[in-house]
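Novice: Have a look at this one before I ask anything.
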Amino acid sequence: QKEVEQNSGPLSVPEGAIASLNCTYSDRGSQSFFWYRQYSGKSPELIMFIYSNGDKEDGRFTAQLNKASQYVSLLIRDSQPSDSATYLCAVVRSGGGADGLTFGKGTHLIIQP
Amino acid sequence: EAQVTQNPRYLITVTGKKLTVTCSQNMNHEYMSWYRQDPGLGLRQIYYSMNVEVTDKGDVPEGYKVSRKEKRNFPLILESPSPNQTSLYFCASRPPGPLALVQFFGPGTRLTVL
Chain A
2 QKEVEQNSGP LSVPEGAIAS LNCTYSDRGS QSFFWYRQYS GKSPELIMFI
52 YSNGDKEDGR FTAQLNKASQ YVSLLIRDSQ PSDSATYLCA VVRSGGGADG
102 LTFGKGTHLI IQP
Chain B
0 EAQVTQNPRY LITVTGKKLT VTCSQNMNHE YMSWYRQDPG LGLRQIYYSM
50 NVEVTDKGDV PEGYKVSRKE KRNFPLILES PSPNQTSLYF CASRPPGPLA
100 LVQFFGPGTR LTVL
């Protein structure tokens, strides 16, 4: 069973600080990684995707990928109360097949005003 | 507006009463899929479809059926719903090309089976 692991939280971060969310995956052949944000009762929405080792920045968000250590992280700078949500890590499984997206169970982030 | 729509958004039903949740997308996506989301279990894929008349099982297909007669529609059918199918359901579609792995989710259908 190829797995994606996230700390469920809640992770509590003061407003204006950096929130760091982590995700580890077991499938060493995985090549594509995604972060989704999900507000309670709403559908997941894509924040970022990353395919290459290193950092990828988009506004206040930075995704970091380390394939050797099999982890991917999401940093949120200048955290805002509106960032309070559950963040889902998703990994594309290797090994072929028509589909292959595995989601972690998510980390619940709370930004304290 | 490009979107994935689902109906109904909320449904309370009883065990054994057949139901269909509709999903429609207006982005001309070939790929569509259904997920269920449960507390502590996360998002799990039920079925997916690569194109019209092409469907395949995901991770948790038991108790569900799907059909794909048109590109834009991908209904989820519960022939005989049971209480363990109480869940939040999401339909999703993907574009072709460089963003082919990015899922666009519908708003969700909250189903309660009594």
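Residue numbers (the numbering used here), protein chains in the order written: chain A, 2 to 114; chain B, 0 to 113.
Virtual Cβ for every residue (Gly too), placed ideally from N, Cα, C.
Bear in mind that the values here come from a model prediction, so they are computed numbers and not experimental data.
(1) So which residues on chain B does residue 89/A lean against when the C-beta distance must stay under 8 Å?
(2) For the beta strand (DSSP E) containing residue 46/A, name the first residue and the last one.
(3) Determine the DSSP secondary structure at residue 27/B, reduced to helix, strand or coil.
(4) Of the choices 75/A, 22/A, 46/A and 107/A, whose alpha-carbon is the least far from that of residue 59/A?
(5) Where does residue 11/B land, buried or exposed, given buried means 16+ other C-beta within 10 angstroms?
(6) For a contact meaning CB atoms closer than 8 Å, what does residue 106/B contact in chain A?
(7) Going by CA-CA distance only, name the one from 109/B, 5/B and 101/B that's closest to residue 33/A.
(8) Does any residue of chain A have a CB that is nearer than 8 Å to the CB of residue 89/B?
(9) So is residue 93/B buried or exposed if we call it buried at 16+ other beta carbons inside 10 Å?
Specialist: On the basis of the data shown:
(1) 41 and 42
(2) 46-51
(3) coil
(4) 75/A
(5) exposed
(6) 43 and 44
(7) 101/B
(8) yes
(9) buried
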